[in-house]
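Data first, discussion second: the structure below is written as structure tokens.
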Amino acid sequence: MPDVVVVGAGPVGTLLAAELTRRGVDVALLERRTERGPGSRAIGLHAPVLAALEDGGATDRILERAVRVRRGEARSDGRLLGVVRFDRLSARHPFVATLPQAETEAALAVGAPEPQRGVAVNGIRTEAALVRVTAAGGSELSAPLVVVAGGAGARGLVYRPGALRQTAYPDRYLMTDADVPGRADAEVAVVHLAPSGVLESFPLPGGRRRFVAWDGGGADDPAARLARLRAALADRGEADAVDATGSATAFGVRRIVAPRLRRGRVVVIGDAAHEVSPIGGQGMNLGLLDAATLAPLLALWLRTGREPEAELAAWERARVRSAGWAARLAALNTGLGRPRGAVGHVLREAALRAALGAAGPLAARGYAMGFDAAAR
1 MPDVVVVGAG PVGTLLAAEL TRRGVDVALL ERRTERGPGS RAIGLHAPVL
51 AALEDGGATD RILERAVRVR RGEARSDGRL LGVVRFDRLS ARHPFVATLP
101 QAETEAALAV GAPEPQRGVA VNGIRTEAAL VRVTAAGGSE LSAPLVVVAG
151 GAGARGLVYR PGALRQTAYP DRYLMTDADV PGRADAEVAV VHLAPSGVLE
201 SFPLPGGRRR FVAWDGGGAD DPAARLARLR AALADRGEAD AVDATGSATA
251 FGVRRIVAPR LRRGRVVVIG DAAHEVSPIG GQGMNLGLLD AATLAPLLAL
301 WLRTGREPEA ELAAWERARV RSAGWAARLA ALNTGLGRPR GAVGHVLREA
351 ALRAALGAAG PLAARGYAMG FDAAAR
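Numbering-wise (full-length UniProt numbering), the sequence shown opens with residue 1 and increments by one.
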């Protein structure tokens, strides 16, 4: 029987499993998917996360491949509105590291147990000093502790339908990764603000960039999505990337922040507990800090045989507070990127120029998760 069952082998569950294993804990890592996803979904790792991953060696593995983004720029119609300086925030990691999520997961997986894939968990039940996990097909597994880290799809394992307050935003976005080598701003993150909405442009290794554009909607077939994204690139400041863009995926945003992350021997972390808009790039970072700060507490519990009640309560309060902060910042970024009329666009430009001038360091700290409870 394992000491801990971790449900979900995405980046958050994988990190928790690796950190527990490093502390001598026997972990069973269960994953519904039969193979690791190949995509590049979440791409940015902020300084507090890089610091938290150092002891386990993942930071060095990530930085071998990642682009180190030391500067972000806000632009409008080719004009510079302001600069966000990540290189002035942290002496240890003065940048945001960008890397496709699949490569981040591979770096986090070193030292973690091999996931038991194809295991679709459908029930969790506490029985005295054990927690029983059941999966489709009738298989069962028990452990003293269970952590649910399976993303939004695993939320129903621990929360009743409708128990969590959800805010659905009307905003939709189009996204792609494209080869755009040879740019002078190859290591600069750029946010273009236009009357038609925001366009974000982030560096990736190998001369690639991630583009995310606010989408006014329309047909959802691949050709229509691609046409709208190419039009947004041409209109909002990235015309040189139009020909390099061959596909577009669409996504919406919502906000969920669970007020409780644990009940007895069951703990919930990552997107299963809190879902924030990906605009601003904090969701995966939030979950990774959940895992990095939880691992030593669970290891302590197992080593001593006594629940560290006060420490877990403090951990829960800190993580819920951090999730609330990230959700508010994501909502602010989402609102900032919506379309504006001519007057509204001019006012937005002026407000952003003033904010990045007077409060540039504060904006950089907020964007880079410097206000997270785990930041150090």
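Note that the Cβ used here is the ideal one computed from N, Cα and C, for glycine as well.
Every value quoted in this text rests on a predicted model; they were computed, and no experiment measured them.
If you look at Ala291, you'll find it isn't in any beta strand (DSSP E); it sits in the alpha helix (DSSP H) that goes Gly283 to Thr304. In the DSSP assignment, Ile62 falls within the unbroken alpha helix (DSSP H) covering Ala58 to Leu63. One alpha carbon belongs to Gly44, the other to Val343, and they sit about 33 Å apart. Across the structure, Glu187 and Asn285 are spaced so that their CA atoms are roughly 20 Å apart.
Secondary structure note for Leu145: its beta strand (DSSP E) is the uninterrupted segment Leu145 to Val148. Out of Ala28, Arg160 and Thr98, the CA that lies nearest to the CA of Glu114 is found in Ala28. In this structure, Val83 and Tyr367 do not form a Cβ contact; the two beta carbons are roughly 12 Å apart against a cut-off of 8 Å.
Runs of alpha helix (DSSP H) with 4 or more residues, each lying fully within the stretch 150-231, are absent. Setting aside the 5 residues that flank it on each side, Arg71 is surrounded in the same chain by Val83, Val84, Arg85, Phe86, Asp87, Glu187, Val188 and Ala189, each with a C-beta closer than 8 Å to its C-beta; the list follows chain order. Secondary structure of Leu29 (DSSP, three-state): strand. Taking a C-beta distance under 7 Å as the contact criterion, Thr176 and Ser277 do not qualify as a contact pair.
Classified as buried, Leu204 has 16 or more neighbouring CB atoms from the shown chains inside 10 Å of its CB. In this structure, the alpha-carbon of Val191 lies about 9 Å from that of Phe202. Counting every other CB atom within 10 Å of its CB across the protein chains shown gives Leu347 a total below 16, marking it as exposed. Within the same chain, Cβ atoms closer than 6 Å to the Cβ of Val148 are found at Val7, Ala154, Leu157, Val158, Val268 and Ala272, the five residues on either side in sequence being excluded.
DSSP places Ser322 in the helix class (H, G or I) of the three-state scheme. Checking the DSSP bridge columns, you'll see Gly82 partnered with Ala74. Here the C-alpha atom of Gly283 lies approximately 32 Å from the C-alpha atom of Ser139. The Cβ atoms of Ala351 and Leu16 lie no closer than 7 Å to each other. Assigned with DSSP and collapsed to three states, Gly237 falls in coil, not helix or strand. In the DSSP secondary-structure assignment, Arg263 is bridged to Val266. Residue Asp3 holds the alpha-carbon nearest to the alpha-carbon of Val131 among Leu89, Thr304, Asp3 and Gly218. Non-local C-beta neighbours of Thr245 in its own chain, meaning closer than 8 Å and more than five positions away in sequence, comprise Thr176, Ala178, Phe211, Leu226, Leu229, Arg230 and Leu233, ordered along the chain. The DSSP-derived three-state label of Gly337 is coil. Checking the DSSP bridge columns, you'll see Leu141 partnered with Val133.
Beta-carbon to beta-carbon, Gln116 and Leu30 are separated by about 5 Å, close enough to satisfy the 8 Å threshold.
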